[in-house]
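Heads up: the sequence lines are chains A and B, in that order. Counting from 1, one number per residue, gives the positions in the first sequence under my numbering. Counting from 634, one number per residue, gives the positions in the second sequence under my numbering. By construction, the Cβ of each residue, glycine as well, lies at the ideal position given by its N, Cα and C atoms.
There are 2 protein chains.
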Amino acid sequence: MERALQNDNNIKTFVQIQIEAMSLRKWGYRLLPGLKWLHGYTGQDAVADLIAGVTVGLTVLPQGLAYATLAGLEPQYGLYSAFVGGIIYAMLGSCRQVTIGPTALLALMTSRHTGFGLGSGPAYAILLCLISGVVELGMAVLKLGALVDLISLPVTVGFTSATAVIIGTSQLKGLLGLRGGSGSDFINTMRSVLGNLHKVRTGDFTLGLTSIIVLLLLRKLKDVKLDGRIRNLRTQQLVSGSIWVIATGRNALVVLGTSVLAYSTCEQMKSCPFILTGKVKSGLPNFSLPKFETTILDRNGTEIRQNFEQMLSELGPSMLILPIIAVLGNVAISKAFGGAGLSPTRELVALSMSNICGAFCSSMPVTGSFSRSAVNHASGVRTPLGGCYTSVLVLLALGLLAPYFQYIPKAALSAVIISAVIFMIEFEVIKPLWRCSRRELLPGAITFVMSLAVGVEIGLLLGVSTDVAFLVYRAARPVLSVSKLQTSNGINYILIRPKHSSLYFPAVEWVRSGISKALTIHGTAPVVLDCANVHEFDFTAARGMGSLQKELAKANAPLFLMSADKTIGVILKESTNIDFPTIDCPDDLEFLLEQTADYVLHLQISAPLVESRLVHGDGGEPTELSKLNGKSS
Amino acid sequence: MERALQNDNNIKTFVQIQIEAMSLRKWGYRLLPGLKWLHGYTGQDAVADLIAGVTVGLTVLPQGLAYATLAGLEPQYGLYSAFVGGIIYAMLGSCRQVTIGPTALLALMTSRHTGFGLGSGPAYAILLCLISGVVELGMAVLKLGALVDLISLPVTVGFTSATAVIIGTSQLKGLLGLRGGSGSDFINTMRSVLGNLHKVRTGDFTLGLTSIIVLLLLRKLKDVKLDGRIRNLRTQQLVSGSIWVIATGRNALVVLGTSVLAYSTCEQMKSCPFILTGKVKSGLPNFSLPKFETTILDRNGTEIRQNFEQMLSELGPSMLILPIIAVLGNVAISKAFGGAGLSPTRELVALSMSNICGAFCSSMPVTGSFSRSAVNHASGVRTPLGGCYTSVLVLLALGLLAPYFQYIPKAALSAVIISAVIFMIEFEVIKPLWRCSRRELLPGAITFVMSLAVGVEIGLLLGVSTDVAFLVYRAARPVLSVSKLQTSNGINYILIRPKHSSLYFPAVEWVRSGISKALTIHGTAPVVLDCANVHEFDFTAARGMGSLQKELAKANAPLFLMSADKTIGVILKESTNIDFPTIDCPDDLEFLLEQTADYVLHLQISAPLVESRLVHGDGGEPTELSKLNGKSS
């Protein structure tokens, strides 16, 4: 009995501990959403994440070096920027493919503030990183992450495809063995590549092209079906498992293989046939507060001390534009890869903390990188923890591995990136769009073309603007169904039914001209505006209705509202001081229409007053006219 | 008999001539809409227009001189800009109050390009005038005049009131006898006035204040009722006629009276107690082609020849921003004064031609002036022909009257403007807005405050943006009515009814989360989305619906569409490749719901394929994922 009780108690305690553990876990999840990935994290997951993390790491290393140079900083700053995001995003983010780090666009924007000499470059870049993070946190607090909803699928596709083309062309130089950095500008990159075609290096080009072919073939490998060819189940599992590992780890394999080739070739020959990544400086960054003051050289070569305020004034609008572009880019990526289930606010917090924490590790501004996210996805990442492996690799590279990375041929890395992004160009969406909703091709096309011609941020903004303009157009030009009907007593009337659920300021003139046209076509008759579908109404629309009612009354065509919401009546009464004749159903309509003669007479008694004022050219003040604005023409 | 025939023929010919005359007139009206004002133009109209035209002329003369100086040009260019618009607008325009000419804002914008010395200022200003006209014509051709519909009543009121305050404060200097020009910037003007209060000149201030009091009293005069006090009908007509003339011509009267006073005082005393307008240079402008090349002085004082291309590059974005602001301002004026019956395109053509023709008469860029339009209105203008009288007065002033205008005290002119614009500040609209539609106070308040703080063009744009943001918000966050219902056979289902007429990309996530919440509250049950009110749909929404359907099927809560348009079905089919179970009425619903068990089973057979790919972390390319994007989370 006692044992049973104790047992019972034990069970209770056990349950309690379980519950406590669960609530602790819940709290932990809330604070660090990334912890949930650890729950049920299998060895297979770890292997997949490791492969993906290392592949991304092998991509981010040369990219980091290149982007830091593009930003006007020493190469190691690119690597400093590449490891914080991975760890922070693994803890806070929710989309497994997103990899946060330096990108070409942000590097380009940072470069505007790093050319003042005397080591002020890193100070400006790191401060900009901190400020971007703070601004992004502000956007998260204000729930501005919901702005993501404004990016439609055609715009996402246009943006993705354009980014793919830009990244692809930016890798052409590496593939062809042309020297010189390549920015994020499509047109200049193409011009530079085409102008230097005679300088193409055979070694690099051969290696790059071979790598691409090998990568594409290995990618096809996963489609190979083994069903029935191997009878032994164990062997079949082993073979298909190996195929999966090879197909998934193809990027790492190609990089490793080409590096070994480059090492053996270049050690034997005196002149190396391939352009290699080159030496990476060893050592971890300073973990310290960003500098809030710095010294720059002015044009005459004199040193000038810049305090915090002067630094802020130098950064100027970049403090707002850079984080907005970072968020837009990141959001488009997580939308493209993560589907619809993501919390935009959470993504924003993850991005913001990556920048804020990054600023304490000498990072330049970071955001999600489309190319690396694509590589990450293609390498079969399973959780955001993959980013941790990338971070570890980058830290190892900084501390220990640096000497070994120098043998990676640039052409191989370009091949990896090109064969990843080539599939991001989406033609498939054009066909269904053309079939069912052609006007939606426009925002997509604008995003694509303008992203290539002017820049991805402008392209994205123009695409979204096109979509928004269409929304406004719909509200401004509602479909009106017009019909001439007759009551059972033979009184003709014109029924106007707006098909839109709101009647707001931009639509008033449209409805007004629609009614005029209807009267011209069908002849003078009472007009009934069916508001059954109209749930929303505003002051401008109410004033317009008031003016319309007076005009129509003058033309012997009284205006009635049918099935109008109470709120519409209130707004009409308050804004025009007219008691609109409203009806609830066609029966009332008939009753009121029979009294039309009286009604028109009643209106005409009060109408001439307004009329005479307008014709008379009174000496009234403009207020009165603009008050009349809504009441009479 | 023969006579009768001839008579008949005569009548026929007469009728024919009449018809021909009518069709000729119609053609004339179409080409020059202003001609219609001449039809039935009475002597009374002419007197009213003359009084208004002269009053506006007396306002535009000092304003023109001041604005030309503000633009960095010699004073007479302000008068050159003041006469073309009046004539062109009388022929092409449709709003009697609008007076086109130089304005403070455009002068300020022009001034950016006139500081290069060697007479290049007028060349740049005139070229900018021509280009503005051409851009405005382009807007008219592209029917961009309909953009006017985007300016809601609260924004118009906010803009009008802010302009009134800015104009009023800009006249304070003249009223107080403070020297120095006043720009269009509210804050700087106020700071300058308050900082110079000790310099206020008694003479000017007394004259100005008296003028304002007299003007306001004369304005009240028209409200005086004579009914019954004078028995003789003829005398009563005469007295009320005189009252009308005095009340309407009060501006001209006050200017004339104060000028005579100033003349007699200043001729007697040695130091004049009033600041006068000062001498106006005589002579008409050159009627010639704008110059397409000019010479400027660079910083080192060397002369540099600028060709057409270099001039265009110097003007840069002003070539687009200036006409847009001109149009926005003009449109707001014609909306405030002209009511709803105006054709925006016609107003645009009138403005465009005023600028194009102006450029051939050495004019700087012109647009409708709010202050002068207010004076015009307050002076009782009856037709746009009033502008012709203004033009004649300006030409006379340039040619002959110049010496006589120098005695007009500036304080009197300031008084005229202040007592005109003081009534443009509209508080009356706040009360009904507060009562019936408080959220509309926001765009109005933003327009007003930002117009004062930053500038009228920014204020207007921000106000319109607030309104547009609200329209987009409405489309993105439709009201969803959720109810749990039961079929007659006792099957529970959840009915979701969006109250908006469209389901576009920004709303998909919202509907999705609304359905999730409904399922959490009401428990798992089939979901019926009632699309009876939804007439518009897009690709992104369709993909979102497809993804939602799959999610819900997994959660054993199948999704049905009720009363959906055919077009919605087509878009869904094309974009998701799913045959959505749609029903036309609740009866069908019951039938289908009874088959739910089968249906869910059917869905689960096809679902795991997608599911397994996502969990497996396949080596697929991102295209596939972003294609899945709309299909599964």
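Return helix, strand or coil for residue i, following the three-state DSSP convention.
i         : result
Thr567/A  : helix
Leu1034/B : helix
Met986/B  : helix
Lys914/B  : coil
Ile366/A  : First, the amino acid is wrong: residue 366/A is Val here, not Ile. Reduced to three states, the DSSP call for Val366/A is coil.
Pro432/A  : helix
Lys554/A  : helix
Thr1215/B : strand
Gly934/B  : coil
Gly101/A  : strand
Pro1017/B : coil
Leu909/B  : strand
Pro755/B  : helix
Cys266/A  : helix
Asn376/A  : helix
Arg112/A  : helix
Leu1070/B : The sequence shown places Ser at residue 1070/B, not Leu. Coil at Ser1070/B, not helix or strand.
Who pairs with residue i in a beta bridge, going by DSSP?
i         : result
Arg477/A  : Arg477/A pairs with nothing; no bridge assigned.
Gln939/B  : Thr927/B
Phe1193/B : Val1161/B
Ile494/A  : Lys484/A, Val527/A
Glu1169/B : Ser1135/B
Pro1042/B : Leu909/B
Looking at chain B, is there any beta carbon in it that lies within less than 8 Å of the beta carbon of residue i?
i        : result
Asn533/A : yes
Val239/A : no
Phe448/A : no
Leu153/A : yes
Ala476/A : yes
Arg435/A : yes
Ser120/A : no
Ser465/A : no
Gln604/A : Note on Gln604/A: pLDDT 38, under 50, position unreliable in the model; the coordinate value appears next. Judged by the 8 Å Cβ criterion, Gln604/A is not in contact with chain B.
Asp185/A : no
Asp149/A : yes
Pro384/A : no
Please tell me whether residue i has its Cβ less than 8 Å away from any Cβ of chain A.
i         : result
Arg1071/B : no
Gly726/B  : no
Val1087/B : no
Lys1132/B : yes
Leu1104/B : yes
Val1101/B : yes
Val847/B  : no
Thr1153/B : no
Thr868/B  : no
Ile1204/B : yes
Thr1023/B : no
Asp1221/B : no
- Message: Below 8 Å, how does it come out for the segment 1146 to 1160 of chain B and the segment 120 to 139 of chain A: are there three or more Cβ pairs, yes or no?
- Response: Contact between the segment 1146 to 1160 of chain B and the segment 120 to 139 of chain A is not established, with fewer than three Cβ pairs separated by less than 8 Å.
- Task: Say whether the segment 1043 to 1052 of chain B touches the segment 1063 to 1074 of chain B, bearing in mind that this needs 3 or more beta-carbon pairs closer than 8 Å, one atom from each stretch.
- Result: Taking a cut-off of 8 Å for Cβ pairs, the segment 1043 to 1052 of chain B and the segment 1063 to 1074 of chain B do not touch, as fewer than three such pairs fall below it.
- Determine, using beta-carbon pairs with one atom in the segment 1169 to 1185 of chain B and one in the segment 1136 to 1145 of chain B, whether at least three such pairs fall under 8 Å. Under the three-pair Cβ rule at 8 Å, the segment 1169 to 1185 of chain B counts as touching the segment 1136 to 1145 of chain B.
- Task: Flag this pair as touching only if the segment 1091 to 1107 of chain B and the segment 1116 to 1123 of chain B have three or more C-beta atom pairs under 8 Å; answer yes or no.
- Result: Contact fails: fewer than three Cβ-Cβ distances are below 8 Å.
- Message: Does the segment 116 to 135 of chain A come into contact with the segment 380 to 399 of chain A, if we say contact requires no fewer than three beta-carbon pairs (one atom in each stretch) closer than 8 Å?
- Response: Contact annotation: the segment 116 to 135 of chain A does not touch the segment 380 to 399 of chain A, with fewer than three C-beta pairs closer than 8 Å.
- Message: Using a Cβ distance threshold of 8 Å, determine whether the segment 80 to 94 of chain A contacts the segment 305 to 320 of chain A, with at least three qualifying pairs required.
- Response: The answer is no - the segment 305 to 320 of chain A does not touch the segment 80 to 94 of chain A, with fewer than three Cβ pairs under 8 Å.
- Task: Examine the Cβ distances between the segment 908 to 925 of chain B and the segment 1020 to 1035 of chain B and report whether three or more of them are shorter than 8 Å.
- Result: Because the criterion of three Cβ pairs below 8 Å is met, the segment 908 to 925 of chain B and the segment 1020 to 1035 of chain B touch.
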